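Worksheet: one structure, shown below.
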Amino acid sequence: MLSPVSRLVDPSICTPFVPPLRPPALPTGIGALDACLPGRGWPQGGLIELIQGRRTQRLSKQAVWPLLLPALRQLQSNDRTGGGAANGWVAWVGDVGLSPFAPSLAQQGLDMQRFIWVAPKADAMMDAAWAAEQLLRCAAVRAVVLHGMPPTPQTTAALRRLHYSAQANDTCLWVIRPPEAAQQTSPAVLRLQWCDADDAGLPVGLRVLKSAGPPTAQQVTVPQANPALQQALQAAQAMRRWRREQETFETSARQRERNNAVVGQQSSALAA
Amino acid sequence: MQWLASNPAHWLRDALGDLPWQEQHPLWQALVPRFAAYSPHLYRFLEDDGFWLLDLRSVSRLWRGDLLKLAVQLERDCLAWAPASVTTPLILGLGKSPWQAAARVQCALHLAPSPGGVWSRPDIDVLPLKALPPLRKALKPLAAMGIHRWGELKAVPRAGVMRRWGRVAIDVLDQAYGVVETPLKTITVPDTFVTHTDLVEPVSDLAALCDVAAQMIEQMCTWLNVRQQVATAIEWRWCSEKRQNAQYADEPTETQLLLRASDAHADSSVWWRLTQTHWQQKTLAQPAIALFLTAIETHAQTDSTAGLWQAMRGQSDETLGSCLDRLQGRLGVDAVRKVVLQDAIAPESQQVWTAYDPSAARTQVRTIPKCGLTPVAVDPRQVTYQGHIARTADVHLLRPPWLLPSPQRLVVKDERPVFGTPLRLLMGPERIELVGWSMGAQQLPIARDYYVAWSSAIGLVWVYKMQEKSPDSGAYAVRWYLHGLYG
Numbered sequence: 000m001l002s003p004v005s006r007l008v009d010p011s012i013c014t015p016f017v018p019p020l021r022p023p024a025l026p027t028g029i030g031a032l033d034a035c036l037p038g039r040g041w042p043q044g045g046l047i048e049l050i051q052g053r054r055t056q057r058l059s060k061q062a063v064w065p066l067l068l069p070a071l072r073q074l075q076s077n078d079r080t081g082g083g084a085a086n087g088w089v090a091w092v093g094d095v096g097l098s099p100f101a102p103s104l105a106q107q108g109l110d111m112q113r114f115i116w117v118a119p120k121a122d123a124m125m126d127a128a129w130a131a132e133q134l135l136r137c138a139a140v141r142a143v144v145l146h147g148m149p150p151t152p153q154t155t156a157a158l159r160r161l162h163y164s165a166q167a168n169d170t171c172l173w174v175i176r177p178p179e180a181a182q183q184t185s186p187a188v189l190r191l192q193w194c195d196a197d198d199a200g201l202p203v204g205l206r207v208l209k210s211a212g213p214p215t216a217q218q219v220t221v222p223q224a225n226p227a228l229q230q231a232l233q234a235a236q237a238m239r240r241w242r243r244e245q246e247t248f249e250t251s252a253r254q255r256e257r258n259n260a261v262v263g264q265q266s267s268a269l270a271a
Numbered sequence: 000m001q002w003l004a005s006n007p008a009h010w011l012r013d014a015l016g017d018l019p020w021q022e023q024h025p026l027w028q029a030l031v032p033r034f035a036a037y038s039p040h041l042y043r044f045l046e047d048d049g050f051w052l053l054d055l056r057s058v059s060r061l062w063r064g065d066l067l068k069l070a071v072q073l074e075r076d077c078l079a080w081a082p083a084s085v086t087t088p089l090i091l092g093l094g095k096s097p098w099q100a101a102a103r104v105q106c107a108l109h110l111a112p113s114p115g116g117v118w119s120r121p122d123i124d125v126l127p128l129k130a131l132p133p134l135r136k137a138l139k140p141l142a143a144m145g146i147h148r149w150g151e152l153k154a155v156p157r158a159g160v161m162r163r164w165g166r167v168a169i170d171v172l173d174q175a176y177g178v179v180e181t182p183l184k185t186i187t188v189p190d191t192f193v194t195h196t197d198l199v200e201p202v203s204d205l206a207a208l209c210d211v212a213a214q215m216i217e218q219m220c221t222w223l224n225v226r227q228q229v230a231t232a233i234e235w236r237w238c239s240e241k242r243q244n245a246q247y248a249d250e251p252t253e254t255q256l257l258l259r260a261s262d263a264h265a266d267s268s269v270w271w272r273l274t275q276t277h278w279q280q281k282t283l284a285q286p287a288i289a290l291f292l293t294a295i296e297t298h299a300q301t302d303s304t305a306g307l308w309q310a311m312r313g314q315s316d317e318t319l320g321s322c323l324d325r326l327q328g329r330l331g332v333d334a335v336r337k338v339v340l341q342d343a344i345a346p347e348s349q350q351v352w353t354a355y356d357p358s359a360a361r362t363q364v365r366t367i368p369k370c371g372l373t374p375v376a377v378d379p380r381q382v383t384y385q386g387h388i389a390r391t392a393d394v395h396l397l398r399p400p401w402l403l404p405s406p407q408r409l410v411v412k413d414e415r416p417v418f419g420t421p422l423r424l425l426m427g428p429e430r431i432e433l434v435g436w437s438m439g440a441q442q443l444p445i446a447r448d449y450y451v452a453w454s455s456a457i458g459l460v461w462v463y464k465m466q467e468k469s470p471d472s473g474a475y476a477v478r479w480y481l482h483g484l485y486g
């Protein structure tokens with residue numbers, strides 16, 4: 000039986016809510032990370048925050064490229080507008096005091112011909128946000144990586160605006176923020192924070208601070224280098240270990256020979 | 000109804016004031032493209048009265064034969080463009096011949112108390128003979144005979160008209176009824192676009208010029224469309240009065256701003272947005288009294304259709320080039336960078352980040368090599384060389400994605416490089432020798448031994464050691480440098 004209220008409402012205006020069709024999540028290229036993210040990948044069309052760990056050095060940078068390169072490669076290759084080389088652009092906004100090393104990135108599969116680096120002045124945070132918004136609105140741009148946005152009263156409003164731009168254009172937006180930003184509220188659909196690695200191991204951890212779906216407290220290990228470099232480092236480590244063992248073996252063999260010689264001399268002396 | 004007549008000299012008389020009507024006048028220059036946008040066949044007619052004629056035969060099909068609709072649209076367009084000082088209504092006349100169209104405009108002027116709008120009446124036969132200036136001398140005798148209208152004269156035997164008023168009268172009557180073609184003088188659209196606006200009072204704030212600028216851009220884009228051209232560079236120029244004070248003797252009286260676009264455009268919105276972005280960053284040194292706009296670089300339009308689909312939800316139709324032009328306008332030219340890969344041995348020389356160049360973006364047809372050391376074309380027979388190239392390419396996979404602008408010297412402690420904490424060398428060395436033809440005979444080749452190292456402070460780093468001559472002692476010593484980051 001219908002409730003009295005539902006009788007009053009015209010059925011023609013009671014259309015069920017249909018959420019807008021969102022593009023599917025973009026695989027991160029890291030299986031463990033995919034498993035703990037809602038949709039099994041980076042959510043497209045929204046703000047994603049990557050918050051740095053506690054390192055305080057000027058040049059301190061977490062492994063951004065190994066984390067983002069697989070997704071950026073996919074975005075460059077899957078051109079949604081069919082415009083060929085004119086589309087599928089990737090933009091990096093922000094000056095980090097270092098320059099992206101193009102030969103290395105190109106060899107890892109990023110098309111540097113469709114890569115633009117926008118470097119506003121270091122103190123012009125709002126200029127960087129404005130530039131990112133303009134790029135997000137451009138149909139040819141598929142992904143924007145914005146570096147900066149420390150927690151200030153203006154930042155939240157700027158991030159909200161960027162989030163809506165990314166959402167409206169179905170463009171991927173990653174914002175790399177300083178560690179203090181973890182304490183600030185954010186409109187991001189996904190927030191991840193790097194955890195510091197210890198001296199012993201190469202991989203660094205990534206913790207999910209905010210995401211759609213049930214909370215995930217687990218920490219995901221992400222590589223700090225590309226697979227080729229990881230293999231080379233493992234090989235170098237194995238080689239070092241083998242050399243160390245070899246040296247140990249040779250030293251012990253020499254010691255044994257020396258001991259045997261001493262024992263032989265002593266026994267011959269006793270026999271005499 | 001295939002001809003459209005108007006009298007712009009009468010319409011713009013308020014704006015022109017006492018100035019003589021000249022072809023070089025900016026109002027004329029701006030109005031020609033506006034009319035020519037509706038039909039490329041624009042003619043001068045009855046020059047003493049300053050009539051213009053549009054031949055609509057070639058464009059009739061585009062309007063499905065509804066030329067009244069075209070005329071109404073042209074009227075709206077002209078009224079929207081007109082300067083604020085123009086208060087006279089615009090009169091347009093339609094007719095089957097140039098004489099008919101012009102006669103209807105004249106009828107509107109003489110008959111209606113406040114003429115305006117599009118006139119396709121009265122009928123041909125009732126049009127007054129006054130509207131045919133070549134018959135001016137014959138008007139009095141014709142009036143004495145009771146002949147005042149075109150139809151009445153047409154009813155008179157042709158032989159009699161010819162005998163009394165000559166061949167001219169018959170020719171004009173035939174032209175008026177569209178039996179024969181009327182000889183006309185063509186009006187051409189200027190080859191170059193330069194327009195200016197004299198400001199009512201000196202203006203020092205550019206924001207106050209926005210309306211004027213938008214109108215001038217609109218004029219330019221109309222001119223571009225009529226000429227079937229697109230612009231890649233425009234120039235704004237502000238003129239100021241020369242100040243009398245001696246301290247301003249060297250002060251320039253003109254300020255220029257050249258705007259270049261990555262893509263060629265005839266779209267007013269694109270040029271307006273680019274202008275706005277640049278104007279927001281600019282301040283005038285002294286108040287301007289006139290504003291000039293010039294189309295510096297124009298090219299022929301090419302019929303290229305980017306796509307049949309509209310932009311996706313929420314996205315603008317703006318191209319990346321236009322977007323980057325605006326970014327450069329606000330953030331500075333050097334803030335928007337693109338990489339150029341180079342064949343070089345030293346890692347820092349393998350790439351150059353240069354400011355995005357709009358003109359280069361237009362002509363960019365070649366592709367940059369994927370890897371800095373890989374040449375574009377290699378002889379396929381050079382198998383060993385290919386192998387070398389493959390090996391070199393693999394080497395790039397082991398190199399860091401970040402490079403320091405210049406190598407940073409590291410402190411050495413107990414023969415170990417230190418950056419915050421002592422570095423732990425994980426892989427290496429990879430020797431890179433920098434040998435150049437320009438090196439002197441006495442100079443030794445520079446050899447760098449690169450290592451991948453681990454720093455507990457900043458993670459994986461790319462460092463190198465090399466032997467350097469001490470300037471004091473002259474002895475060679477090993478020095479360590481930080482060159483890249485794996486981040």
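In order, the protein sequence lines correspond to chains A and V.
For reference, each letter of the first sequence is one residue, going 0 to 271 in numbering that gives the first Met the number 0.
For reference, each letter of the second sequence is one residue, going 0 to 486 in numbering that gives the first Met the number 0.
Glycine included, C-beta positions come from ideal geometry on N, C-alpha and C.
Only a predicted model underlies this, so the values are computations on that prediction, with no experimental measurement involved.
A:Val144 has A:Trp91, A:Trp173 as its beta-bridge partners, per DSSP. Counting only Cβ-Cβ distances below 9 Å, V:Arg398 has contacts in chain A at Phe100, Pro102, Ser103, Gln106, Leu228, in chain order.
Using beta-carbon distances, V:Arg43 does not count as an interface residue toward chain A, since no partner is under 8 Å. Judged by DSSP in its simplified three-state form, A:Ala165 adopts helix. For V:Gln228, the enclosing beta strand (DSSP E) stretches over residues 228 to 239. Beyond the five residues adjoining it in sequence on each side, V:Ala137 comes within less than 7 Å, by CB distance, of Trp164, Ala168 in the same chain, given in chain order. For the segment 133 to 151 of chain A, the residues whose beta carbon sits under 7 Å from a beta carbon of chain V are, in order, Gln133, Leu134, Arg136, Cys137, Ala138, Ala139, Val140.
With respect to chain A, the C-beta atom of V:His395 has a partner C-beta closer than 8 Å. Taking every protein chain shown into account, the CB of A:Glu249 has fewer than 16 other CB atoms within 10 angstroms, so this residue is exposed.
V:Trp27 sits away from V:Pro97, with the two beta carbons spaced by 8 Å or more. 8 Å or more divides the Cβ of V:Trp461 from the Cβ of V:Arg408. For V:Phe34, the secondary structure class from DSSP, reduced to helix, strand or coil, is helix.
At least one CB atom of chain V sits nearer than 8 Å to the CB of A:Phe114. Rounded to the nearest whole angstrom, the CA to CA distance from A:Met111 to A:Trp88 is 9 Å.
At a cut-off of 3 residues, the continuous stretches assigned as beta strand (DSSP E) that sit fully inside the segment 173 to 231 of chain V are 193 to 202. A:Ile115 is bridged by DSSP to A:Ala90. For V:Asp471, the secondary structure class from DSSP, reduced to helix, strand or coil, is coil. In this structure, the CA atom of A:Ala105 is about 28 Å from the CA atom of V:Arg423. Taken in chain order, the members of the segment 225 to 249 of chain A whose beta-carbon sits within less than 8 Å of a beta-carbon on chain V are Asn225, Ala227, Leu228, Ala231, Leu232, Ala235, Gln236. Note that the C-beta distance between V:Val339 and V:Ala354 is not below 8 Å. Per the coordinates, the alpha-carbon of V:Trp118 lies some 19 Å from the alpha-carbon of V:Ser38. Under DSSP, the beta-bridge partners assigned to V:Arg478 are V:Met465. Counting only unbroken stretches of 3 or more residues, the beta strand (DSSP E) elements lying wholly within the segment 30 to 56 of chain A are 45 to 50, in sequence order.
V:Val417 is bridged by DSSP to V:Val410, V:Pro421.
Under a 10 Å Cβ-count criterion, V:His482 is classified as buried, with 16 or more other Cβ atoms of the shown protein chains found around its own Cβ. Listed along the chain, the chain V residues whose CB falls inside 7 Å of the CB of A:Trp88 are Leu319. Using a CB distance cut-off of 8 Å, A:Asp122 does not count as an interface residue toward chain V. Taking the beta carbon of A:Asp126 as reference, the chain V residues within 8 Å of it are Arg329, Leu330, listed in sequence order.
Using a CB distance cut-off of 8 Å, V:Tyr463 does not count as an interface residue toward chain A. Around the beta carbon of V:Glu240, a 10 Å sphere encloses fewer than 16 other beta carbons of the protein chains shown; the residue is thus reported as exposed. In this structure V:Leu198 touches V:Ala287 by the C-beta definition: roughly 7 Å separates them, less than 8 Å. If you check the CB distance, A:Pro177 and A:Gln51 come in under 8 Å. By the neighbour-count definition (other C-beta atoms within 10 Å, threshold 16), A:Trp241 is an exposed residue. Pairing A:Pro186 with A:Leu46 gives a Cβ-Cβ distance under 8 Å. Shown here for A:Ala101: same chain residues with a beta carbon closer than 6 Å to its own, the five before and five after excluded, namely Met111 in chain order. Residues of chain A with a Cβ closer than 9 Å to the Cβ of V:Tyr485 are, in chain order, Lys60, Ala62, Trp64, Pro65, Gln223, Ala224, Asn225, Leu228.
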